[in-house]
Structures are given as C-alpha cells and as structure tokens.
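Reviewing the structure listed below.
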Amino acid sequence: MLKKTLVALSVLSLSTGMVQAQGTWTGGDDLPTTPLACDGTAATPAAKEYDGGVPTNPPDRAGQEITVVDVPKLIGIGYFDATSKGIAEAAAEMGNMNATTDGPTEANIDDQITLIDNYITSGVDGILFAANDPVAIAPVLKKALEAGINVVGYDANSEPDARQWFVNQAEFNGIAKAMIDSLAAEVGEDASFAIVTSTFTTPNQARWIAEMEAYATECYPNLQWLETVEAQEDNILSFNQANTLINKYGDDLKGILGMTSVATPAAADAVTQAGQCGNIAVIGLATPNAMKPYVDADCVKSVVLWNPVDLGYAAAYVMRATADGELQPGDTEVEAGKLGTLSVINGSEILLGAPFIFTKENINDFDF
C-alpha cells in the first residue's frame, strides 16, 4: 500500500524524521528499506538465496539461435529507444539472437500484458520486459515460464518468481542517495520539495521513492516533502503537473524531483517557462540529450541516471547466458560482453552499476 501521512500523525512525523506536508502521498511502497550511510560508507550486501522463477521443461537452447521479444513499459520515448538500441547491439554482437522490441504506445499495463500473451501464443524463446506494474504483470510472465520461455526483466521488476533474472540499473538505495544528496546540495537541507513520478504502482519508481524517504529521514531530517504527483510518463501531463506544483506552493517550493525520463525534462521546461530557474531546482532521472538545453542554460545542475544503452545490452547478455544454461541459481556473477563481469545481488538480480550524475561539465560527452 502507498503511504499517506495524515494530519493526525504530523506530530509523530516531525519527531521521527523528515517533515511531510499534510495529506502527503510519498508514492513509495511499504517494503523494507535499506538506506545507505549518510557519510557514504559502502554497504555490504547480505547474501540471499535465488528467488527467481524456473521455466517448465525448456528446450536445450545452448548455442542455438533464439528469438527474443523485448516488451518495455512503452515505446516512442528516448529512454526505451536507448534500451532497445543496447539490446540490438548485443544481439548483433552475439550473432545468435534475433531480438525485436514491441511495446505499448502508452505506459499501460493491460496493453503490455496483451502483447506478452500474444508472443507466448505465437512462440518465442525469450521475453525481456520492463514492468508497468509488478503484480499485474506477474501472471502472464508465469504463463511464459510455464511454456518453457526464458524470462528476464530490466529497468522495472516484476514479482521475483515471475521471471528468472532482473537486470537492475542501479540499486534502489544508491539512486535514492544520489537524488537526495543532489537535492540537499542545491537547495539546502531544510528546503521544501515535491516529486513528479509516473504512477504510484510503477515498481522501480515506488522503490526509489521509498528509499529516498528512508535516506532523507536519516540524513536530512529537516527536508520538507510537500507532495508526490502522478504523470503517467506523459510529456504534457508531466509539464502540467509540475506547473501546478509551482503555482500551488509558490515560494515554498524549492525543488522538483523527476522520477522518469519524461517527467524531468518536462519539469525543467515548466520551471523555465515560469521564470523560476535559480529559484526552483530540478533534479531527476533523464537521458542527457533531453536535458542538455536546461543544463546548458544553468536551469538544471544535476541529472541522475545510468547508461540505458548499457542496460539493454546487459539484459540481452543475461538472456543469452540464461538460455545457454551458463547463468544458474546460486551464481554470483555473469559475463556481459564489453561490460565485463556483472555481479548477482539480492538472489536473482544482476547489477549494472552505480548511478551516474550528469552535470554541465560532462553531459555533452554523451549522446543518448
């Protein structure tokens, strides 16, 4: 369930950590959090047994050409264009994977389920996915496993037993720390901020937000969380939601955090058009190409992300290793082409690496 801080609990909130505004929906989830140390001390991951799913009687695909479909949250946006590019690059490099991308045109879980179900019926060897909803997508992914299809997620997870592996772009607490540290550095440790996310059920964003709340409570207890709003990964809605926040909170709003590659540039555009550059910081997850105009204009100082091309590339290599039987439950690492050796964490996740912060000094070095 989503967490809602009620007025009756405001005194408790003030006494136990980060201040939250009346009626605040954090947009996070109620799963356990593991905030990183405030001083940046590296965390030691706990060992965990494999918790992924197992396909039923899959054929021997070792070394054989396989047909793989990539079903992201949606198509037609820069972020998933980049993951698709990485998948295609890896497939071409390996030479024995036929990979295509086919996703809904909006971040709609029902459309995503229908597409996956159709590919199960038509027959594929592997399904790559980025889930719009971790619970709703689970039954169709389990159906794929039962049909002997290899299933690997990336970017946004499902329930673990509905897929074999999940390629995690960065650990949730690492993203949380990067976002909150950047916010505090830009607006101060007692400023007020709001969030524009996709939906409250989008799994990766809900996890990031939950970890952000936990980390801020520990390390920046005087930050004031005003509100979290949904924008469906839609550019116009993201702009309108950011604009509403600007008008609603006025001078109290010192920062907007964008949780999607659509919301962050749209929020930067809203701040720019409102003439609030320098007064309202925009920090978020986005592709560098979408943010270059705002970074070059000094309206945005920090963009947090990873290389989505590498994320797609890694997912394709994990799919190949899974199909070949080279990646097995209990393994601690996997080879991923030019990316080298990637670690297995949390039982059935493959970690791409730490988040990267794009700034004016480095953003023009990247093209995606």
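Numbered according to mature numbering (1 follows the signal peptide of the UniProt record, and there is no 0), the sequence shown spans residues -21 to -1, 1 to 347.
Note that beta-carbon positions come from the ideal geometry of N, C-alpha and C, so glycine has one too.
For clarity, every value in this text was computed on a predicted model and none was experimentally measured.
Put simply, the backbone Cα of valine 261 is about 41 Å away from that of lysine 122.
Taking C-alpha positions only, tyrosine 194 is separated from isoleucine 159 by approximately 8 Å. Three or more Cβ pairs drawn from the region 286 to 297 and the region 314 to 326 lie within less than 8 Å of each other, which places the two stretches in contact. Assigned with DSSP and collapsed to three states, asparagine 129 falls in strand. For leucine 162, the closest of Pro34, Ile336 and Val288 by C-alpha to C-alpha distance is Ile336. Taking C-alpha positions only, threonine 13 is separated from threonine 251 by approximately 35 Å. Straight through space, the alpha carbons of lysine 227 and serine 322 are spaced by roughly 44 Å.
DSSP, reduced to helix, strand and coil, places isoleucine 54 outside both helices and strands of the structure shown, so it counts as coil. In this structure, Lys27 is the residue among Ala16, Leu10, Asp8 and Lys27 with its C-alpha nearest to the C-alpha of aspartate 310. For phenylalanine 151, the enclosing alpha helix (DSSP H) starts and ends at 151 to 166. Aspartate 49 sits in a strand when the DSSP states are folded into three classes. Here threonine 311 is not bridged, per DSSP, to any residue.
Alanine 126 and aspartate 9 have their C-alpha atoms some 32 Å from each other. Collapsing the DSSP output to three states places glycine 237 in a strand. A Cβ-Cβ separation of about 6 Å places glycine 31 in contact with proline 139 under the 8 Å criterion.
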